[in-house]
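Letter by letter, the sequence shown follows residues 0 to 221 in numbering that gives the first Met the number 0.
Just so it is clear, CB atoms sit at the ideal spot from N, CA and C, and this is done for glycine as well.
These notes concern the structure reproduced below.
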Amino acid sequence: MVDGDARAALAAAMVGDGNRARVLDAPTTAVFLADTQPARRLEDLLARERAAGASPRYLRSLAFDIPALLAGGADALWRLPSALKRAALNVVLPNLGRVAAAASPTGSERAGGASLPTVDEPTAWAYKSTMPAVQTYVLGCAAHDIATHVMEGLNADAVRRAVGIHGSDEACRFAVPCVVATGYVPADGGKPPRSVRVTSRPPLSSVVRHNIVATAWREPMA
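If you want it as structure tokens, here you go:
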């Protein structure tokens, strides 16, 4: 978001005066959208994998596993024999956007002696796939001395309106994990738009564990 009107619309979608001011102050704000229905692009993905030399077996597995994982509770599909999986795929793919999330079984439930996976809902998968891109964007900006500020305090519906997908089929497809205010820090001697403070981070020992959560982190022996 670069133009003044677009930034003003986005600022109005933010929660909190601080977030709104950052969007208005920054010359650019990046809006990250998380695709909760990536299976719509499955045919393109399969074509790219096929062109890269992927095996037919891998392509068949990919064509089933992606829709099944994204169905948000389709764990029971793992119980099916391969032939039935292929038949189930014909149902899952065209209806993925309308599959209701069912309760996922716990890791202790088993079929054929094997633990079934606990599958997150589509929005969780979309966030997982999008946030590494956010980190890459922020680190890339830092490498060019460009300042960023990641903000999750927002009204997702209002953000979708600001970027022009509200009220459309796309509005149901895309979640909004965050937006990132982006711009150069004022040159030496320049006056920043507001005071800058640096908050200290918790010590490593308070956020890192050794093997299991109950075991405190131990510094490696020299």
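**Message:** Rounded to the nearest angstrom, what separates CYS171 and ALA132 at their Cα positions?
**Reply:** Here the C-alpha atom of CYS171 lies approximately 21 Å from the C-alpha atom of ALA132.
**Message:** Quick check on DSSP: helix, strand or coil for ILE145?
**Reply:** Of the three classes helix, strand and coil, the one that applies to ILE145 here is strand, per DSSP.
**Prompt:** How many Å lie between SER167 and ALA157 at the Cα?
**Reply:** The C-alpha of ALA157 is placed about 13 Å away from the C-alpha of SER167.
**Asked** For THR35, which of ALA5, LYS127 and ALA62 has the nearest alpha-carbon?
**Response** Residue LYS127 holds the alpha-carbon nearest to the alpha-carbon of THR35 among ALA5, LYS127 and ALA62.
**Asked** Using the C-alpha atoms, what's the distance from ALA33 back to ALA125?
**Response** When rounded, the separation of the alpha-carbon atoms in ALA125 and ALA33 is 5 Å.
**Limits of the alpha helix (DSSP H) - the one that VAL206 falls within** = Residues 203-206.
**Request:** Please say whether SER199 and ALA215 have beta carbons closer to each other than 8 Å?
**Result:** For the 8 Å CB-CB criterion, ALA215 and SER199 do not form a contact.
**Message:** By alpha-carbon positions, which one of VAL179, PRO121 and GLY163 ends up nearest to ALA141?
**Reply:** If we check each option's Cα against that of ALA141, VAL179 comes out closest.
**Item:** beta strand (DSSP E) segment containing ALA29, residue limits
**Value:** 27-34 is the extent of the beta strand (DSSP E) around ALA29.
**Proximal residues to GLY139 (C-beta, below 8 Å), its chain only, five neighbours per side dropped** = Correct list: empty, nothing qualifies.
**Inter-residue CB distance, PRO176 and GLU151 (contact presumed, cutoff 8 Å)** = At roughly 7 Å, the Cβ-Cβ gap stays under 8 Å, so PRO176 and GLU151 are in contact.
**Check whether VAL22 and ALA10 have beta carbons under 8 Å apart** = Yes, these two residues count as a Cβ contact at 8 Å.
**Prompt:** THR181 and ALA25: beta carbons closer than 8 Å?
**Reply:** A distance below 8 Å separates the beta carbons of THR181 and ALA25.
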